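Notes to accompany the following structure.
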Amino acid sequence: MHPKPVPPKPGQESVWDYPRPPAIERCHARLRVVFAGQTIADTTDGYRVLETSHPPVYYLPITEEFSQHLGPAGGGSFCEWKGAARYFDIRVGDLVAEKAAWGYDDPTARFAPIAGFVAIYPGKMDACYVDDERVTPQPGGFYGGWITSSVAGPFKGGPGSMGW
1 MHPKPVPPKP
11 GQESVWDYPR
21 PPAIERCHAR
31 LRVVFAGQTI
41 ADTTDGYRVL
51 ETSHPPVYYL
61 PITEEFSQHL
71 GPAGGGSFCE
81 WKGAARYFDI
91 RVGDLVAEKA
101 AWGYDDPTAR
111 FAPIAGFVAI
121 YPGKMDACYV
131 DDERVTPQPG
141 GFYGGWITSS
151 VAGPFKGGPG
161 SMGW
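Oh and the sequence shown: position 123 is 123 in full-length UniProt numbering, straight run, nothing missing.
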């Protein structure tokens with residue numbers, strides 16, 4: 001059973017209006033990631049993936065500077081829409097956030113633009129920002145959505161939401 005969507009306020013999007021299969025769109029908002037007290041990624045050249053009941057998942061380009069903090073992590077997963085994903089650890093000095101990011105080397109044709117980009121679990125970082133707003137991580141540990149004041153839920157990921 002699906003929950004009752006929260007009516008969006010002016011300037012908000014309802015995640016219940018996002019499509020399934022998901023949509024991908026270019027994102028020129030400033031996306032910033034802080035880990036171990038250091039800004040490890042800062043871009044206005046991202047993508048966001050929008051799927052029913054999920055806050056947006058932001059994909060950031062793997063720039064030369066950002067790549068210095070990414071290392072391969074074991075395992076992988078498969079998305080019915082995007083294909084096979086691989087995971088990355090994020091490192092700054094001796095601090096490591098294990099399996100804190102994921103990406104698709106060879107995504108499906110629909111999601112080809114995110115090849116060479118990674119998504120980051122905001123709950124594993126010190127902070128993630130969309131423009132200057134600090135995001136709240138999507139509930140649960142499986143999904144990597146970024147919740148801001150511009151989206152209305154409820155959001156998949158918490159207890160009892162697996163069947164949404």
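Quick reminder that beta carbons are idealized off the backbone N, C-alpha and C, glycines included. Only a predicted model underlies this, so the values are computations on that prediction, with no experimental measurement involved.
Q. Of the choices R32, M125, W102, whose alpha-carbon is the least far from that of residue 184?
A. Any property of residue 184 remains undetermined from this structure, which presents the chain solely from 1 to 164.
Q) So, using beta-carbon positions, are Y18 and F117 closer together than 8 Å? A) Taking 8 Å as the Cβ cut-off, Y18 and F117 do not qualify as a contacting pair.
(Q) If contacts are defined as beta-carbon pairs under 8 Å, then V15 and A152 qualify, I think. What distance do you get, rounded to the angstrom? (A) About 7 Å separates the Cβ atoms of V15 and A152, confirming a contact at the 8 Å cut-off.
Q. Which one or two residues does DSSP pair with Y18 in a beta bridge?
A. None; Y18 has no bridge partner.
Q) Under the DSSP definition of a beta bridge, which residues are partnered with S77? A) By DSSP's assignment, S77 forms a beta bridge with A85.
Q: Go ahead and pull the three-state DSSP assignment for G71.
A: Strand.
Q.
Rounded to the nearest angstrom, what separates L70 and A97 at their Cα positions?
A. Spanning the two alpha carbons is a distance of roughly 10 Å.
Q. Under 8 Å between the Cβ atoms of W81 and P22?
A. Yes; because the gap between Cβ atoms is below 8 Å, this pair is in contact.
Q.
Judging by CA-CA distance, which residue of R91, T148, D106 is the nearest neighbour of K99?
A. Ranking the options by Cα distance to K99, first place goes to R91.
Q) Around the C-beta of W162, are 16 or more other C-beta atoms found within 10 angstroms, so that it is buried, or is it exposed? A) What sits at residue 162 in the sequence shown is Met, not Trp. So M162 ends up on the exposed side.
Q) Ends of the beta strand (DSSP E) at Y104? A) Neither: Y104 is in no beta strand (DSSP E) and is coded neither H nor E.
Q.
Going by C-alpha to C-alpha distance, which of Y143, A115, T148 sits closest to G83?
A. Closest option to G83, Cα to Cα, is A115.
Q. Roughly how many angstroms separate the alpha carbons of G76 and E13, rounded to a whole number?
A. Answer to the nearest angstrom: the Cα atoms are 31 Å apart.
Q | Selection from Y129, A29, A41 that minimises the alpha carbon distance to E64 | A | For the residues Y129, A29, A41, the minimum Cα distance to E64 belongs to A41.
Q. Buried or exposed: K9, going by 16 or more other Cβ atoms within 10 Å of its Cβ?
A. By the 10 Å Cβ count, K9 comes out exposed.
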